[in-house]
Structures are given as structure tokens and as C-alpha cells.
Amino acid sequence: MLSYQRQTEIRKLAENAHQKIMDQNIDNENLATYFKSIGLAVINADLSALKTTAYILYNIDKNQPQFVVENALNHRDWIYMLAKELGQLILGWNYQVNQDNHQVTEQINQKADQVDGIAILDYPFADAESQHQVNRINEADADFFAEHFLVPDETARPLLQNLNWSSLTTAQLIQKFSLIYFINDQIARNRLITLIQEVYSAK
């Protein structure tokens, strides 16, 4: 479980990123468009042969990251993975630049012609237990980032108040947040738990 200090750090980074990329907008369904508007390329690809559903490339020629996400995901999960990849990039995931990852390069070559000048930012996929523990910590950080990026406090708090949340059931609130923010029910539940706790603690 993340410490309170770490949660505070990640929440701030997530909300700053949301402000820079989406401003006050909450239409996460169009997240890829917002990414592209600030020079963050998003690529759909078939990643079924790989060990992941998303990863990041770095285009050396364009000097910018490119996000690659599995195109078979349902759209809500696709959006979540895109937000999570952003979190891993901002939080300083321990990537290693590798231009010789032929398995990944072949996948990209099927979708794009510009393999030259692209460096693969490898995930630490080592099977060692120590590396597995590091991965779990990084994953928890990235999950927390994605949830707060997609549902930032600045927009969620007033929205919760406007919904007259105390008169609604938990299931109704989850449904409303899922629809408004275009997120799955688990993310909506996680964010609502935090938001409601903050409301009670403020009383």
C-alpha cells in the first residue's frame, strides 16, 4: 500500500498533468486527441504476442514519446492504460533505452513505417523476485496516478456535491462517475471512496 506521502506526491503530479493536457475537461473518451494536441503520439497495435498491453517508445528524430496501446482492449480499458503509461513516464519508471528489441520493433513495423530513429523504452521484465517486487511497487504508483489523472479532485469534488451524493446509493454514484468520466466501475469506486472519506473528514 502506498504511503500517505507518496499518494500526495502522485496525486499532485497527476493533477498537474491533467491540467496541462486536458485543462478542466473531463471527456476522457477523447484522451488520445488531447495527447496528440500537445505532441504526444498515440499508436494502436496488436500486442497479443508481447507481455504487455501498452508501452512507450521514444522517437529520437521527433524528440518525443509515443504511446503504444493494445487495440483489442475495450475503450475504457484502453483509456486507462494510456493514462497509466503517462504515469509511468512521469513517475520515472526505470526504463532502459533499447533499439535492438526486434520483437517489439516487428510489431511496430506492421503499424508504422518509421522504425528507424525510434528507441524502445523497455519495461523491466526480469523474472527475478526482487525485480518482481519493484514492478509491483511501480505498478501501484502508476495505477494511483491513472485514477487521479482520469478523475482529478478539482473536477470530482464539485461534481460529487452537485450530484447530491448523500441521497444516492453507492451503485448509483459509481454508475454516474463511470459514465461522466468514461472509466470502469472499479476506478469509479476507488475514487468515490477517497472523495467521500474527504467529505466526512472535513465535517
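So the sequence shown is residues -1 to 201, counted in my numbering.
All residues carry an ideal CB built from backbone N, CA and C; glycine is no exception.
When DSSP reads this structure, glutamine 64 sits in a beta bridge with Ala39, Leu55. Assignment of threonine 31 by DSSP, reduced to helix, strand and coil, places it in the helix class.
Two segments are said to touch when three or more pairs of C-beta atoms, one from each, lie closer than 8 Å; by this definition the segment 37 to 46 does not touch the segment 168 to 187. In this structure, the CA atom of glutamate 137 is about 10 Å from the CA atom of alanine 144. Residues of the same chain with a CB within less than 6 Å of the CB of histidine 16, apart from the 5 flanking positions on each side, are Phe147, Pro150 in chain order.
Excluding sequence positions up to five before and after glutamine 5, its CB lies within less than 8 Å of the CB of Phe142, all in the same chain and listed in chain order.
Burial is judged here by how many other beta carbons sit within 10 angstroms of a residue's own beta carbon; glycine 85 has at least 16 and is buried. Taking a cut-off of 8 Å on C-beta distances, the segment 18 to 38 touches the segment 51 to 68, as three or more cross pairs fall below it. For glycine 85, the enclosing alpha helix (DSSP H) starts and ends at 73 to 88.
Bounds of the alpha helix (DSSP H) holding lysine 10 are 2 to 20. If the five residues before and after lysine 174 are omitted, its C-beta is found closer than 7 Å to the C-beta atoms of Leu161, all from its own chain and listed in chain order.
Secondary structure at isoleucine 24: coil, using DSSP grouped into helix, strand and coil. The beta-carbon distance between tyrosine 32 and isoleucine 24, rounded to whole angstroms, is 11 Å. This is too long to meet the 8 Å contact definition.
Bounds of any alpha helix (DSSP H) do not take in proline 150, whose DSSP letter is neither H nor E.
Comparing C-alpha distances from proline 156 to each of Leu190, Glu68, Gln170 shows the shortest one belongs to Leu190. In the DSSP annotation of this structure, lysine 49 is not part of any alpha helix (DSSP H), being labelled neither H nor E. When the alpha-carbon of leucine 11 is set against those of Asn188, Val67, Trp163, Lys82, the nearest one is in Lys82.
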